[in-house]
Amino acid sequence: MVNIDAQAEEIKNMILRMGAGNFSYRIPRTADNTETETIIALLNMLAQEFEVAYNPLFGIPPTTMITRIQQYIFILDRQYDILQTTFNVDTDSPLEKQNFLNILTPTSQEEFKTLVKTLKKKDKTLNTQLEVLTGRKLVLPLNCSVVQLEDSDPASKLLVMLSHIQTLNPLLLGKPPVKREYPMLKLKVIKSSQDIKKFREIEVYIRKHINKPLVSLKDIASAFNMNEFKLKKGFKELYQTSVFKYHMQSRLTHALQLIISTTDRLSAIAQKTGFKNYVHFAQSFKKEFGVPPSQHRKQK
Numbered sequence: 106m107v108n109i110d111a112q113a114e115e116i117k118n119m120i121l122r123m124g125a126g127n128f129s130y131r132i133p134r135t136a137d138n139t140e141t142e143t144i145i146a147l148l149n150m151l152a153q154e155f156e157v158a159y160n161p162l163f164g165i166p167p168t169t170m171i172t173r174i175q176q177y178i179f180i181l182d183r184q185y186d187i188l189q190t191t192f193n194v195d196t197d198s199p200l201e202k203q204n205f206l207n208i209l210t211p212t213s214q215e216e217f218k219t220l221v222k223t224l225k226k227k228d229k230t231l232n233t234q235l236e237v238l239t240g241r242k243l244v245l246p247l248n249c250s251v252v253q254l255e256d257s258d259p260a261s262k263l264l265v266m267l268s269h270i271q272t273l274n275p276l277l278l279g280k281p282p283v284k285r286e287y288p289m290l291k292l293k294v295i296k297s298s299q300d301i302k303k304f305r306e307i308e309v310y311i312r313k314h315i316n317k318p319l320v321s322l323k324d325i326a327s328a329f330n331m332n333e334f335k336l337k338k339g340f341k342e343l344y345q346t347s348v349f350k351y352h353m354q355s356r357l358t359h360a361l362q363l364i365i366s367t368t369d370r371l372s373a374i375a376q377k378t379g380f381k382n383y384v385h386f387a388q389s390f391k392k393e394f395g396v397p398p399s400q401h402r403k404q405k
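When the letters of the sequence shown are read in order and numbered with the working numbering, they come out as residues 106 to 405.
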């Protein structure tokens, strides 16, 4: 049985953060079947709904909100010990020399270890979402990219990049609201937070298949129980680009990471990112980044 006073403190901290316009945090769940646990579940759901509503990627937040993209870097050794980090969220002590797994929830610990095993077998970069424990006993869900480092300090083996979009109430920061000078974008196809959640799942699916050409829109729509029109129009509403262009940009960004962080041959990188031949890869790369891949390799 979880201590009720401890849960009350977590609920208070959560409400204070939400009152400040910060909807990124969650309260850790337990298996207890109590009214307190029900309140926690509802509060987490409410925070998630607000986070979606105020997220500029999924619509236009109120003009009284300040939006920030927070990014945190971790460099880990073979045992996941933290060598360097820029993470500074509610930490009671420096994180250097601590184990990275210790700041994750149990579920995220297993998710991270599985991701690293997959990373060693396949790609140089993988993405997921991890839940980080903060000093306030709250959980902070963060998007995570893990890169296997090569040709660097022998002790440094993994680069972990965590990020999330944070909204804040400027009135509580002593700043005046910012007036918008452009019209508000109205979503036409996306009707609910459930729609947004579904398109997030589709976006994750696309990023997990950057090593090969994408299947047809019909197949993707069928896999996610959605009609093809809604997939095509809804995805463009949220991400301001088509499904196939987003997939191509993700493949090329991954290729750029491989060029920078590995010594793989450019032809091998083209193959790893799903291009039929190097010529097609080089043309697409130059169109996206303005220079051919060989020039990036020379600058390395």
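Every residue, glycine too, gets a C-beta built ideally from N, C-alpha and C.
- Sequence-distant Cβ neighbours of residue 191 in its own chain, meaning closer than 6 Å and more than five residues away, are 177, 178.
- Bridge pairing for residue 266: 178, 250 [DSSP].
- Rounded to whole angstroms, residue 220 and residue 333 show a C-alpha spacing of 31 Å.
- When DSSP states are grouped into helix, strand and coil, residue 315 belongs to the coil group.
- In this structure, DSSP gives residue 348 a helical state, which the three-state scheme calls helix.
- Listed in chain order, the non-local C-beta contacts of residue 326 below 8 Å within the same chain comprise 332, 333, 335, 336, local neighbours out to five positions each way being set aside.
- Nearest C-alpha to residue 322 among 246, 347, 306, 316: 347.
- The beta carbon of residue 295 sits closer than 7 Å to those of 301, 339, 342, 343, all from its chain and outside the five residues before and after it, given in chain order.
- Unbroken alpha helix (DSSP H) runs of no fewer than 4 residues, entirely contained in the stretch 338-405, are found at 348-366, 371-377, 383-394, 398-404, following chain order.
- The alpha-carbon of residue 388 is positioned some 40 Å away from that of residue 205.
- The residues 360, 363, 364, in chain order, have a CB closer than 7 Å to that of residue 374 in the same chain once the five nearest residues on each side in sequence are set aside.
- Using a Cβ distance threshold of 8 Å, residue 181 and residue 237 do not count as a contacting pair.
- A direct Cα-to-Cα measurement between residue 153 and residue 129 gives close to 8 Å.
- By the criterion of a C-beta distance shorter than 8 Å, residue 225 is surrounded in its chain by 253, once the five residues flanking it on both sides are discounted.
- Note on geometry: alpha-carbon atoms of residue 151 and residue 349 lie some 33 Å from one another.
- Taking C-alpha positions only, residue 303 is separated from residue 396 by approximately 35 Å.
- Within the DSSP secondary-structure output, residue 186 pairs in a beta bridge with 204.
- Buried is the label assigned to residue 251, since at least 16 other Cβ atoms lie within 10 Å of its Cβ.
- Here residue 313 is exposed. Its C-beta has fewer than 16 other C-beta atoms within 10 Å.
- Under the three-state reduction of DSSP output, residue 237 falls in the strand class.
- Residue 325: member of the alpha helix (DSSP H) spanning 322-328, first to last residue.
- The C-beta of residue 139 has fewer than 16 other C-beta atoms within 10 Å across all chains shown, which makes the residue exposed.
- Around the beta carbon of residue 398, a 10 Å sphere encloses 16 or more other beta carbons of the protein chains shown; the residue is thus reported as buried.
- Taking a 10 Å sphere around the C-beta of residue 299, we find fewer than 16 other C-beta atoms and assign the residue as exposed.
- Annotated three-state conformation of residue 232 is strand, per DSSP.
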